[in-house]
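Student:
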Amino acid sequence: MYDFLIAPFVEFGFMQRALAGSLMLALGACPVGVFLMLRRMSLTGDAMAHAILPGAAAGFLLYGLQIVPMTIGGLIAGVIVALGAGAVSRFTVQREDASMAAFYLISLALGVLIVSLRGSSVDLMHVLFGTVLALNDDALTLIALISGVTLLTLAIFWRALVAECLDPLFLRSVSRLGTPAHFIFLGLVVLNLVGGFQALGTLLSVGLMMLPAAAARFWTSRVEPMCVLAFGFGAISCVSGLLVSYHASLPSGPAIILSAGAIYLASILFGTRGVFNTRLRRHRHRTA
Amino acid sequence: MTDACLTFKDLTLGYNSHPAVHHLNGSIRSGSLTAVVGANGSGKSTLMKGIVGVLKPMAGICTVTSGKRVAYLPQQSELDRSFPARVVDLVSLGLWPRRGLLGRYTREDRDSVSKALMAVGLEGFEKRAIDTLSGGQLQRALFARVLVQDADLILLDEPFNAVDAKTVGDLIKLIQRWHGENRTVMVVAHDLELVRAHFPNTLLLARQPVAWGETQEVLRPENLLKARRFDEAWHDDAPWCEPDDGHGHAHSHAHAHGHDERHHHDHGEVHDHPDHESGPRAA
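Protein chains in written order, with our numbering: chain A, 6 to 293; chain B, 298 to 580.
1. What are the complete alpha helix (DSSP H) segments, minimum 4 residues, inside the segment 203 to 264 of chain A?
2. Check each candidate in A/Ala204, A/Gly246, A/Leu58, A/Leu32 and name the one with the smallest Cα separation from A/Asn141.
3. Could one say the Cβ of A/Cys35 lies closer than 8 Å to chain B's Cβ atoms, at least one of them?
4. Identify the contact partners of A/Met231 in chain B, using a Cβ-Cβ distance below 7 Å as the criterion.
5. What residues from chain A crowd round B/Ser327, counting only those whose CB sits closer than 9 Å?
6. Just the C-alpha distance for A/Gly38 and A/Phe281, rounded to the nearest angstrom, thanks.
7. Is it buried or exposed for B/Thr403, if we count other Cβ within 10 angstroms and need 16 for buried?
8. Could you confirm whether any beta carbon from chain A is found closer than 8 Å to the beta carbon of B/Ala416?
9. Can you check which of these residues, B/Asp408, B/Asp377, B/Val507, B/Arg442, is closest to B/His318 by C-alpha distance?
10. In the DSSP assignment, find the unbroken beta strand (DSSP E) run with B/Thr309 in it and report its ends.
11. Please tell me whether B/Ala301 has its Cβ less than 8 Å away from any Cβ of chain A.
12. I believe A/Leu67 touches A/Cys243 by the beta-carbon criterion, under 8 Å. Please report the beta-carbon distance rounded to the nearest angstrom.
13. Going straight from the alpha carbon of B/Arg383 to that of B/Leu430, what length do you get?
14. Whose C-alpha, out of A/Phe175, A/Val249, A/Ala220, A/Phe202, is nearest the C-alpha of A/Gln71?
15. Looking only at C-alpha atoms, which of A/Ala63, A/Leu174, A/Met53, A/Asp172 sits nearest to A/Met215?
16. Ordered along the chain, which non-local residues of its own chain (more than five positions away) have a Cβ less than 6 Å from that of B/Asn479?
17. I'd like to know whether the C-beta atoms of A/Gly78 and A/Ala63 end up nearer to each other than 8 Å.
18. Apart from the five residues just before and just after A/Phe275, which ones in its own chain have a Cβ nearer than 7 Å to its Cβ?
19. Just to confirm my understanding: we take A/Ile11, look at its own chain, exclude 5 residues before and 5 after, and list those with CB closer than 8 Å. What are they?
20. Please decide whether B/Ala475 counts as near chain A, where near means a Cβ-Cβ distance under 8 Å.
21. What does DSSP give as the partner residues of B/Gly323 in its beta bridges?
22. Nearest-angstrom Cα distance between A/Asp51 and A/Thr76?
23. Can a CB atom of chain B be found closer than 8 Å to the CB of A/Phe175?
24. Which of the three DSSP states, helix, strand or coil, is assigned to A/Leu196?
25. Any chance you could list the beta strand (DSSP E) runs of at least 3 consecutive residues sitting entirely within the segment 364 to 447 of chain B, in chain order?
26. Which whole runs of the beta strand (DSSP E) in the segment 447 to 513 of chain B are 3 residues long or more, in chain order?
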């Protein structure tokens, strides 16, 4: 048991780094995922993950596989797309899903173009899928910073975010914070995706953001426990994914996301608000 | 009028250069209880949005006397009922004007929330998820939120829609309580019997005010007939409404849509009615 569960993390530095990096990532990304889901923007994370590609690719093209330039590039591209799509939806008739789709497709095409300038598709795979087993100190510091900033920002803007999700018109009638809160939130989404791409790659970091959140929805009907539970699911996915990856020699990123996927599927079936409890079991009911 | 809570100066509100409220002048007295009536599309909800400020005026201005806090219950709520929140979370939103983004909720605040829930007959519902509430219960909860907001000017847009008679009675009692506390209340309503029975003042709208003042005067058959002939449709070929210098229209004010300053006149029967019907003069 010890050999299977604990030893890999004790014996190997790269496993410790991978664990620390992915857990910190989950700490910030999972609550952000909960709000994305509650705002019905679950696919926005996916779109944003594509949108940061040209920035990351430009950084990669200029400086090689370096975390800092790629991160800054990704951040810039992500913020441009988030602001552009957010502004179009807030100030024109177009809804956010359409404007987001338009902006991220443009961005993705640009990204593929930039990567192809360098040549090989192996590079592209690296940018898209990352590698959690090769996290260096820079990357760990960056992830720690991002999860810290994320938690702090969520704590400060919590009330505005909840109000903006629950009753946006009410918030507009008592405060001007609705629109800034929305953009700050989009900024957090970009930040966490960028933080994740060194470890998991742009595509898989969305998985760590959305799958635990989606799973947590089946267990609770309040926001605070949902965020905590989402992080819990995220953390379990990280540990089990890394273990599976270590013992079965599988790529670590997909193993983590598939673990989260397994938790999601189990939650659909067995969650307190899942299929078995709400559909299949016959409920006794009270008289009033 | 020195004790006006709300003043309209040549206020025109609308959408895409078509006015929904046209050149409204007048004021709402502090502590008054006013029903806003009129056909569908006569500009009642638009007026409410203009007062709260979620819709920018096309021309003119609408001023809420400074220091007055406004509470607004919209007709078409953007409330997301699938959001995982409890009744107490929803009602606590009403603490925003007092506590803002970061202020801690004190024991007093929590007390005011439970008192509000009791006042609307929802004690014991604190922990219920909002997606399990009936329409009437939700409306009661939203009234509780208005109570918590503790506002000086309360705007209710069709609060009696799809609500049973008992709930209407309870909500009316709350409105009268606010009136008794010298708060200013404006309520959009359709049930004229209800308006006659409970509202001292009425504004009858048909894009322009058809009549405004004491309820029994306003709701006279000839006024109602005039309002009923109101032509709700927009006409794309309607002539532009030219600024009338004689009245000193301030047409250069806010232009949220960046349109031409001018806007359409309607062809409605109310057209021959003076634009500048003034507000109630009741003491």
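The beta carbon of each residue, even a glycine, is placed where N, CA and C say it ideally should be. None of the values given here were measured: they were computed from a predicted structure.
Tutor: The structure says:
1. 206 to 221, 228 to 253
2. A/Ala204
3. no
4. Pro381, listed in chain order.
5. Here the premise fails: no neighbours, minimum Cβ distance about 20 Å.
6. 25 Å
7. With fewer than 16 other Cβ atoms within 10 Å, it is exposed.
8. no
9. For the record, residue 318 of chain B in the displayed sequence is Val; it is not His. Residue B/Val507 is the option with its Cα nearest to B/Val318.
10. 301 to 312
11. no
12. Going by Cβ atoms, the distance from A/Leu67 to A/Cys243 rounds to 32 Å, so no, they are not a contact pair.
13. Rounded to whole angstroms, the separation of the alpha carbons of B/Leu430 and B/Arg383 is 10 Å.
14. A/Phe202
15. A/Met53
16. Gly328
17. Yes, these two residues count as a Cβ contact at 8 Å.
18. Phe281
19. none
20. The question names Ala, but residue 475 of chain B is Trp in the sequence shown. No - not a single Cβ of chain A is within 8 Å of the one on B/Trp475.
21. Partner(s): B/Phe305.
22. 17 Å
23. At a cut-off of 8 Å, the C-beta of A/Phe175 has a neighbouring C-beta in chain B.
24. It is helical.
25. 367 to 370
26. 450 to 454, 481 to 485, 498 to 503, 505 to 511
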